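Below is one structure; the comments refer to it alone.
There are 2 protein chains.
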Amino acid sequence: MDKKTPNIQDVAREAGVSTATVSRAISNPSVVSAATREAVLEAIRSTGYHTNMVARNLRQRRTGAIVVLVPNLGNPFFSRILAGVEQAAAQAGFSVLIVDTKQPHANENQLFTYLHSARADGLIVLDGSLPLEFLGEMDAPGRMPPIVFACEWIADSPFSKVVIDNEAGSATAVRHLHELGHRRIGHVMGPPGNVLTETRREGTRAALADLGVEIAPEWFFSGDFSLHSGVEAARQWLTLKRRPSAVFCASDQMACGFISELSMEGYSVPDDVSVVGFDDIDIAQRFIPPLTTIHQPRTQIGTTAAKALIERINSEGRERTIAHQVLTVELVERKSTAPLGQSAVKQD
Amino acid sequence: MDKKTPNIQDVAREAGVSTATVSRAISNPSVVSAATREAVLEAIRSTGYHTNMVARNLRQRRTGAIVVLVPNLGNPFFSRILAGVEQAAAQAGFSVLIVDTKQPHANENQLFTYLHSARADGLIVLDGSLPLEFLGEMDAPGRMPPIVFACEWIADSPFSKVVIDNEAGSATAVRHLHELGHRRIGHVMGPPGNVLTETRREGTRAALADLGVEIAPEWFFSGDFSLHSGVEAARQWLTLKRRPSAVFCASDQMACGFISELSMEGYSVPDDVSVVGFDDIDIAQRFIPPLTTIHQPRTQIGTTAAKALIERINSEGRERTIAHQVLTVELVERKSTAPLGQSAVKQD
DNA sequence: GCGGTGCCTGTAATCGATTACATCAAGCTT
DNA sequence: AAGCTTGATGTAATCGATTACAGGCACCGC
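Chain order of the listed sequences is A and B. With my numbering applied, the first sequence corresponds to residues 1 to 348, in that order. With my numbering applied, the second sequence corresponds to residues 349 to 696, in that order.
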């Protein structure tokens, strides 16, 4: 009754040839005669056949899929990166599996399992806080599937990565504020332990030091990249006696939260404080005020990482070279920053 | 030299048992004796064995994966839905493949191929504009993999879906504006042909008619859910001689764009216009002003759709019932709406 | 007329698991 | 003591493709 889905044997029978010929007609058409090819194609059409990818994958010992480990799928920052990955992967005929590393997975180490289980040919990791053991056990030579880190990474680990220059970006932000005359510059940080937090904080600190500007510990607000932590930082700012006249936030989301909370409390950006963000997420250019921020080429990060990974996969793993690609970021000046003193924060 | 990854035979040899026993020890431990089980587990440990999923999938004729068809991965609206899907899928031991339907795929009909190729056991479709033929050809009984639509859907198609009540949501938005005293109410629409566009437009129109309020064609602004189309709508609004004193936007992104552009032109929300959004995306509560909007339970939509799909998959396809789940939406009152006349739009 | 060359196609092994069926030993019933 | 049940394990078929290898056939030159 419910006829099962046709397989290559059905096609072979229908076309009056062997399965080998069908297979060849599909994946290497030039080696079969034109007549046979036609017959096979016709049989494929009439049976409604589609190649069973699982069988092909088993035989070829590759899956045509890559998995992306995302720290938090709910965070819109990653959407464009995923889009970039998907785009490059699709172009190369790969499909994309996504896994949220923060989610409790059915199998405690299911995440780990992905790597060995021949479910995917390679891995893009966007989460630098992944316990290294997960990846480390695969150190056995010849066993480790190709891995590329993107955005975040694990310090001193032997993996390729596609990242941006966080120090340079932070320095650019700080210098921009300095050029506008600001001398009290604060920084809203990411979550503790995160590489991005650290590199951006260090970039900020170094630039500040370079410019010979005051560095006050209480002007380094803790955060976690989220909208809400920007709000918290703003509340912190409000309690300060000596307030920074400008704040560089390590993410746009925090910048938005920061500005929003200040605005609710009757302060205005950039009149009372200048704010610079980081990322240039979609909403940044239409926030009120439009956010001055450090633009990250998010889609490009995704495509670059995917291409690097796929190239590695296709090179049959012979190439054990570790490549670090650093994409450049740039300042986008909009309306959330202004020269100090226009109507600036009251000086003590 | 580079020893290939161990397979079940290696484990069997190491443990001195047959492959059948190894397989049983893994997936049905209760049927093997304790001693054997221990020996097998030890052998697994010592060889570093991991089940090859592709082989298992081939034999069991299931993949343990579902694919999600997303209209535009770059749109942050979908991030939480994906997160919900991933969460529910992970809990049930499924992995998630994502495909951007707007992306040009390597293989013209690769998208279509996903369905037959035994790459996935089922499908969640978030794109209602998918040509029905893609799905239609699978009408052959017993061949069609389970499909669940979410958010968007195809009118009159025989597929299960998880959606929200768009008409009710729109009506709620309109009534809210009406209660505030507004009598000139505009609507910024989604892209033409989209089900959400239509249901929200109809919900709006019906509510307007119900309330006996003027319905002017020029107050229905065209858009496409994007930030930028909200900007365009604002420009349109500015050209009007008789302007609506309140506007209901079919997406938060458009609402943000609308407010942003107006703000740049010196108008203020809600003093000059009240604005209601739709979706309640993350930024809504921290926009300036915080957006009054129709809240969609996005994560829940994702988990619900995934659960429905997985249940269908696990029921072995015997159940051909089509279930439509409608989740409720609610108005979240924030600061982008205000009573008419406080300082309202100049009446002619 | 015979071996050599290409071109096409078929046979059968293979990828790595799962699982229906067979087997076998031990314990129990009557 | 024969027969039956039960539990543990092994044997081998199977899932659906790909591909190494082996023909078969036509055509060629000598």
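Note that beta-carbon positions come from the ideal geometry of N, C-alpha and C, so glycine has one too. For clarity, every value in this text was computed on a predicted model and none was experimentally measured.
Any residues in the segment 389–405 of chain B with a beta carbon nearer than 8 Å to a beta carbon of chain A? Which ones, in chain order? Under the 8 Å Cβ criterion, the segment 389–405 of chain B contributes GLY396, HIS398, THR399, ASN400, MET401, VAL402, ALA403 and ASN405.
Cutoff 8 Å; reference B/LEU528; Cβ partners in own chain excluding five residues on either side
Excluding sequence neighbours, B/LEU528 sits near ALA594, SER622, THR685, ALA686, PRO687 and LEU688.
Q) A/PRO289: buried (16+ other C-beta within 10 angstroms of its C-beta) or exposed? A) A/PRO289 comes out buried.
Practice task
Could you tell me which residues DSSP puts in a beta bridge with B/LEU471?
Solution key: Under the DSSP definition of a beta bridge, B/LEU471 partners with B/VAL415 and B/ILE495.
Once the 5 residues before and after A/ALA209 are set aside, which same chain residues still bring their CB inside 8 Å of it?
Cβ neighbours of A/ALA209 within its own chain (closer than 8 Å, five residues either side excluded): ILE215.
Requested in this report: Could you spell out the range, first to last residue, of the beta strand (DSSP E) harbouring A/LYS161?
Outcome: Counting along the chain, the beta strand (DSSP E) containing A/LYS161 begins and ends at 160–164.
Counting C-beta neighbours from all protein chains within 10 Å, is the total for B/HIS672 16 or more, i.e. buried, or is it exposed? In summary, B/HIS672 is exposed, with fewer than 16 beta-carbon neighbours lying within 10 Å of its beta-carbon over all protein chains present.
Sheet register partners of B/PHE596 (DSSP bridge)
B/PHE596 is bridged by DSSP to B/HIS535 and B/VAL624.
task: Mind checking which residues open and close the beta strand (DSSP E) that includes A/ILE98?
output: First-last of the beta strand (DSSP E) with A/ILE98: 95–100.
Using a Cβ-Cβ distance cut-off of 8 Å, determine whether B/VAL536 contacts chain A. Closer than 8 Å: no.
Subject >> Residue-level contact to chain B via CB, A/SER260, 8 Å cutoff >> reply: With 8 Å as the cut-off, A/SER260 counts as an interface residue toward chain B.
Inspect the CB distances between the segment 598–616 of chain B and the segment 565–582 of chain B and report whether three or more fall short of 8 Å. Touching, per the Cβ criterion.
Quiz item: Can you list, in chain order, the residues of the segment 540–555 of chain B whose Cβ is nearer than 9 Å to any Cβ on chain A?
Solution: Taking 9 Å as the upper bound on Cβ-Cβ separation, chain A lies near no residue of the segment 540–555 of chain B.
Give, in chain order, every residue of the segment 72–84 of chain A whose Cβ lies closer than 8 Å to some Cβ of chain B. The residues in question are ASN72, LEU73, GLY74, ASN75, PRO76, PHE78, SER79, ARG80, LEU82 and ALA83.
message = Only counting the same chain, and skipping five residues up and downstream in sequence, which positions put a Cβ closer than 8 Å to that of B/GLU678?
response = Contacts found: THR520, ILE642 and HIS643.
Along the chain, where does the beta strand (DSSP E) containing B/VAL697 start, and where does it finish? There is no way to answer for residue 697 of chain B, as the model of chain B reaches only from 349 to 696.
(message) Using only CA atoms, which one of A/SER160, A/ARG184, A/ALA207 and A/PRO131 lies nearest to A/ASN166?
(response) Taking only the C-alpha atoms, the option nearest A/ASN166 is A/ALA207.
Can you check whether the C-beta of A/THR353 is within less than 8 Å of a C-beta belonging to chain B?
Nothing about residue 353 of chain A can be read from this structure; chain A reaches only from 1 to 348.
- Query: Looking at the C-beta of B/CYS604, does it have a partner C-beta in chain A at a distance below 8 Å?
  - Reply: Interface flag for B/CYS604 against chain A is set, since a Cβ pair is found closer than 8 Å.
*Inspect the beta-carbon positions of A/ILE147 and A/LEU130 and report whether they are closer than 8 Å.*
No, the Cβ-Cβ distance between A/ILE147 and A/LEU130 is not below 8 Å.
Checklist entry - I think B/THR395 touches B/GLU434, with their Cβ atoms under 8 Å apart; what is that distance to the nearest whole Å? => result About 31 Å; that fails the 8 Å criterion.
Checklist entry - In the structure shown, what three-state DSSP assignment does B/ILE338 receive? => result Absent from the structure is residue 338 of chain B, since the part of chain B shown begins at 349 and ends at 696.
* To do: Label B/ARG549 either buried or exposed according to how many other C-beta atoms from any shown protein chain fall within 10 Å of its C-beta, with 16 as the threshold for buried.
  => Around the CB of B/ARG549, 16 or more other CB atoms lie within 10 Å, so the residue is classed as buried.
Q.
Rounded to the nearest angstrom, what separates B/LEU474 and B/ASP628 at their Cα positions?
A. Rounded to the nearest whole angstrom, the CA to CA distance from B/LEU474 to B/ASP628 is 18 Å.
Quiz item: So, is the C-beta of B/LEU297 closer than 8 Å to a C-beta in chain A?
Solution: The displayed coordinates of chain B run from 349 to 696. Any statement about residue 297 of chain B would go beyond what the structure contains.
Exercise. Report the residue from B/ARG553, B/PRO424 and B/PHE596 whose alpha carbon sits nearest the alpha carbon of B/HIS524.
Key: Minimum Cα distance to B/HIS524 is reached at B/PHE596.
Beta strand (DSSP E) runs contained entirely in the segment 177–240 of chain A, provided each spans 3 or more residues: Listed in chain order, the complete beta strand (DSSP E) runs (minimum 3 residues) inside the segment 177–240 of chain A are 185–188.
Notebook entry, point to check: Can you tell me where the alpha helix (DSSP H) with B/ALA373 in it begins and where it stops?
Noted result: Run containing B/ALA373: 367–375, per the alpha helix (DSSP H) assignment.
State the Cα-Cα distance for the pair A/ALA34 and A/TYR49, rounded to the nearest angstrom.
So the alpha carbons of these two residues sit roughly 20 Å apart.
Leaving out five residues on either side along the sequence, give the residues of the same chain with a beta carbon under 7 Å from the beta carbon of A/MET189.
Within the same chain, A/MET189 has close Cβ partners THR197, ARG201, PHE220, PHE221, SER222, GLY223 and ALA250.
### Task
Identify which residue in B/CYS499, B/ALA368 and B/ALA387 has its Cα closest to the Cα of B/THR676.
Ranked by Cα distance from B/THR676, the options B/CYS499, B/ALA368 and B/ALA387 are led by B/CYS499.
Subject >> Secondary structure of A/PRO76, DSSP reduced to three states >> reply: The answer is coil: DSSP assigns A/PRO76 none of H, G, I, E or B.
Close Cβ partners of B/ARG583 (< 8 Å) along its chain, the five nearest in sequence each way excluded
Excluding its 5 nearest sequence neighbours in each direction, B/ARG583 has C-beta neighbours in its own chain below 8 Å: GLU609, listed in chain order.
(message) Measuring CB atoms only, is the segment 374–390 of chain B touching the segment 93–100 of chain A, in the sense that at least three cross pairs come out at less than 8 Å?
(response) No: fewer than three Cβ pairs fall under 8 Å.
Output needed for B/THR669: all residues of its chain with C-beta closer than 7 Å, excluding positions within five of it in sequence on either side, in chain order.
So no residue of the chain qualifies.
### Task
Closer than 7 Å by beta-carbon distance: list the chain B residues that pair up with A/VAL332, in chain order.
Neighbourhood of A/VAL332 in chain B, by CB distance below 7 Å: empty, with the nearest CB roughly 16 Å away.
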